[in-house]
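Asks:
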Amino acid sequence: MSYKYFKFSEFDCSCCGKGSGEQNMNHDFILFLDKIRNLCGFALYVNSGYRCKRKQQSLVLNPKYQATHPDKSSHCKGLAADIKITSDKKRAIFVGIAFELANDMNLPIRIGISKRQGFCHIDIDNKPTPRLWIYS
10 MSYKYFKFSE
20 FDCSCCGKGS
30 GEQNMNHDFI
40 LFLDKIRNLC
50 GFALYVNSGY
60 RCKRKQQSLV
70 LNPKYQATHP
80 DKSSHCKGLA
90 ADIKITSDKK
100 RAIFVGIAFE
110 LANDMNLPIR
120 IGISKRQGFC
130 HIDIDNKPTP
140 RLWIYS
């Protein structure tokens, strides 16, 4: 399967390397991101996609990050990505389009915004709450 705006390699785990994105990412999630990108009208860059449990645990142990335990991480399930977005206007457009499209596609959606680090976490993991949060 191929996508208009994304390559599987963009989702590769920095720990596991080549092929890990294609092997572990949920294809419906990447299709969802592809549709968001089309509607946004500006490039979306993947900071982080799939993460193996070892990589996720390294983030949990680093006080710089607010990372979820590997057993609960949407990244480890291939259902999440951190997208580099540094403009307030583009973040607002991205969030609005993502929520509207998720509603149209009947997908669960959760978005975390980090203005300080310049990214938006997005996932379609079926977790109860929160649906939208700001990283401190």
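Residues in the sequence shown are numbered consecutively from 10, following our numbering.
For glycine and all other residues, C-beta sits at the position ideal for the given N, C-alpha and C.
#1: Based on the DSSP secondary-structure assignment, which residues constitute the bridge partners of aspartate 91?
#2: With DSSP collapsed to three states, give me the class of leucine 48.
#3: Could you check if serine 57 is buried or exposed, using at least 16 other CB atoms within 10 Å of its CB as the buried criterion?
#4: Assuming glutamate 31 and phenylalanine 41 form a contact by the criterion Cβ under 8 Å, report the distance between their Cβ atoms to the nearest whole angstrom.
#5: Below 8 Å, how does it come out for the stretch 103 to 110 and the stretch 59 to 73: are there three or more Cβ pairs, yes or no?
#6: Rounded to whole angstroms, what's the CA-CA distance from isoleucine 39 to leucine 68? Just pull it up for me.
#7: Identify the residues that DSSP records as bridge partners of serine 123: which are they?
#8: Around the Cβ of arginine 46, are there at least 16 other Cβ atoms within 10 angstroms (buried) or fewer (exposed)?
#9: With a CB to CB cut of under 8 Å and the five nearest residues on each side skipped, what residues in its chain are close to serine 145?
#10: Output needed for aspartate 132: all residues of its chain with C-beta closer than 6 Å, excluding positions within five of it in sequence on either side, in chain order.
#11: For leucine 70, which three-state DSSP category applies?
#12: When you compare each of Gly50, Lys27, Lys86 to tyrosine 14 by their alpha carbons, which one comes out closest?
Replies: Quick look at the numbers:
#1: Ser57, His130
#2: helix
#3: buried
#4: Not a contact, Cβ separation roughly 16 Å.
#5: no
#6: 23 Å
#7: Phe128
#8: buried
#9: Gln75
#10: Ser83, Leu88, Ala89, Arg119
#11: coil
#12: Gly50
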